[in-house]
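*Asks:* Handing you a structure now.
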Amino acid sequence: MKKNEKALVIIFGGTGDLAQRKLYPSIFQLYKKGYLKENFAVIGTARRPWTDEYYREVVKDSIDGMYDEQNVATEFASHFYYQSHNVTDTNHYKTLQALAQSLDEKYQIEGNRLFYLAMSPRFFGTICDHLKSQQIMTETGYNRVIVEKPFGRDLASATELNDEISKSFPEEDVFRIDHYLGKEMVQNIAALRFGNSIFNSMWNNRYISNIQVTLSEALGVEERAGYYETAGALRDMIQNHVLQIVALLTMSAPVSFTDTDIRNAKINALKCLKIYSPEEVKENFVRGQYGPGNGLLGYREEAQTAEDSMTETFVAGKLMVNTMDMAGVPIYVRTGKRMKTKATRIDVVFKQVPNNVFEDSDLRHDVLTINVDPEPSLSLQLNSKTIGQGFDFDTHHLNLDYKLSPEQRAAVPEAYEKLILDAMQGRASNFAHWKELQCSWKFVDAIRQAWDQNVDQVAFPNYDCASMGPKASDDLLAKDGNHWEFNC
Ligand code: NAD
């Protein structure tokens, strides 16, 4: 892959949590691996009156433990510049323009600019307007913008946000980040499906019984309760991460493995997502909120939450993607906080053989399990004969765990590292297209509206901390004669 990228990265929200925990370490990894060498600079902007020297110390702190030699960190940090900047003040953009211009010349960057909006979306519109009106966007190189989640809180607000951004940036230059798309095993879904004829030929309603996607977190809302109260698990996890994974699992084969073709395939899958009526929401979606248990506080007892809060911290649902190949295959999804374990896992459950010639033996479903987090691995559950006399069956697993050495593990790029390099190199397939968001918001809005009318008459809290969610989540699958394969 091409090395020594020429890029000026301008981070709005340079003093924030995301920048310090994710962005600086990721940019440092790109530097250590040679994707960034001499021809890059980073401008961090935020309101605080920091100096370059202080900012560089903050950057070095954020990469603490990632380097052996002090001079590597010092050399890296010397590429960082700080500008105290209020995003609503036009004069500050004039200073930013001059700084960007001088760094472009100093590091021979040739006009490539990557704007990272690591701050509240309510500022995206004014930042994008100013970037254009104050000529911080260049004529000579690329101008790309990375935007963070949440991208709206419903279709109407997401449309408004998109309209604001698109006044300055065409769709191909807008990189909406979804860090799940940067995860190795999420990227592996397409490799498995379209690189192996055994899966490619069987990935349809003739052979698949159901698909299950679990994104479980062991932590509660922590210090994000203020935001979470206004969002909930449906907006925070289902609308973006879960539906992006569903799109990858259900899309038809792209014409080629290019950005446009992959995104078109995903858009088509999401367009086929069945939108539910309120009555169907009641049938197909379950919401939950954790109560106290196992020595942990319930959601309503956490700081910054209302004592009668109706915010959901758990969602399970049955989705139908009505493409020719996937119609009739239930896609069960669930996500929640304060669950038993932290994991991201996909189970593809295949149908049983149409005629069991081994009449005396109970054959199980074949199941392909893709473990995304915490450890990447694959497993294929099969029926096979027990070794020895007679003809008895046992369930066996073909396992692929990548057994990474500490050095290999250290070399695996973090999601943000992959995605920042993708954006620098103009690869958009691991970012959500606006049309994907339109479909996913439409789907989510229908559920939200039904819940706001309380169609399911749910009472919170309804699951214990450190459990796998409310019983209704198990019942959802049991109604169809299925069960969660992942039940730790
Ligand atoms: P944060 O509150 O820690 O940082 C916000 C930054 O914006 C700070 O640098 C602050 O100085 C700056 N800022 C605020 N108002 C400003 C103004 N008027 N002018 C200039 N700068 C201003 O937030 P964060 O956790 O870093 O999150 C940033 C964005 O990333 C949010 O949209 C959040 O939803 C998203 N996000 C964060 C995380 C995470 O792990 N922190 C994960 C996913 C998404």
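Just so you know, we're using this note's numbering here: the sequence shown kicks off at 1384 and counts up by one.
Even glycine gets a Cβ: it sits at the ideal position worked out from N, Cα and C.
1. With distances taken Cα to Cα, identify the nearest neighbour of T1523 among W1824, F1814, L1391, K1725.
2. Looking only at its own chain, which residues have a Cβ that is under 7 Å from the Cβ of F1843, when we skip the five neighbours before and after it?
3. Per DSSP, which residues does M1722 bridge with? Please list them.
4. Under the DSSP definition of a beta bridge, which residues are partnered with H1562?
5. Does any heavy atom of the ligand NAD sit closer than 8 Å to the C-beta of F1506?
6. With N1782 as the anchor, note down where its beta strand (DSSP E) starts and where it stops.
7. Alpha carbon to alpha carbon, how far is K1768 from S1812? Give it in angstroms, no decimals.
8. Give the straight-line distance between the Cα atoms of E1555 and I1548, rounded to the nearest whole angstrom.
9. Compute every distance between the C-beta of P1533 and the non-hydrogen atoms of the ligand NAD, then say whether any falls below 8 Å.
10. Cutting at 8 Å between CB atoms, please list the residues of its own chain near M1722, excluding the five before and the five after it.
11. For P1713 versus N1571, is the C-beta distance shorter than 9 Å?
12. Go ahead and label D1828 buried or exposed: buried means 16 or more other beta carbons lie within 10 angstroms of its beta carbon, across all protein chains shown.
13. Does the ligand NAD have a heavy atom nearer than 8 Å to the CB of T1471?
14. What are the residues that DSSP puts in a beta bridge with T1428?
15. Considering only their Cβ atoms, is the gap separating D1805 from G1565 smaller than 9 Å?
16. Can you give me the Cβ contacts of I1645 inside the same chain, cut-off strictly under 7 Å, excluding the 5 residues immediately before and after it?
17. On the three-state DSSP scale, how would you describe I1803?
18. Hey, out of E1567, A1541, V1569, whose CA is closest to R1559's CA?
19. Does the segment 1740-1759 come into contact with the segment 1650-1667, if we say contact requires no fewer than three beta-carbon pairs (one atom in each stretch) closer than 8 Å?
20. With a threshold of 16 other CB atoms inside 10 Å of the CB of I1410, please say whether the residue is buried or exposed.
*Replies:* Judging by the given coordinates:
1. L1391
2. Q1672, M1693
3. S1850
4. Paired residues: none, contrary to the question.
5. yes
6. 1776-1784
7. 43 Å
8. 12 Å
9. yes
10. The beta carbon of M1722 sits closer than 8 Å to the beta carbons of S1599, E1600, A1601, F1697, A1849, S1850, M1851, G1852 from its chain, once the five residues preceding and following it are set aside; these are given in chain order.
11. no
12. buried
13. yes
14. F1395, Q1466
15. yes
16. P1637, S1812
17. helix
18. A1541
19. no
20. I1410 is buried by the Cβ-count criterion.
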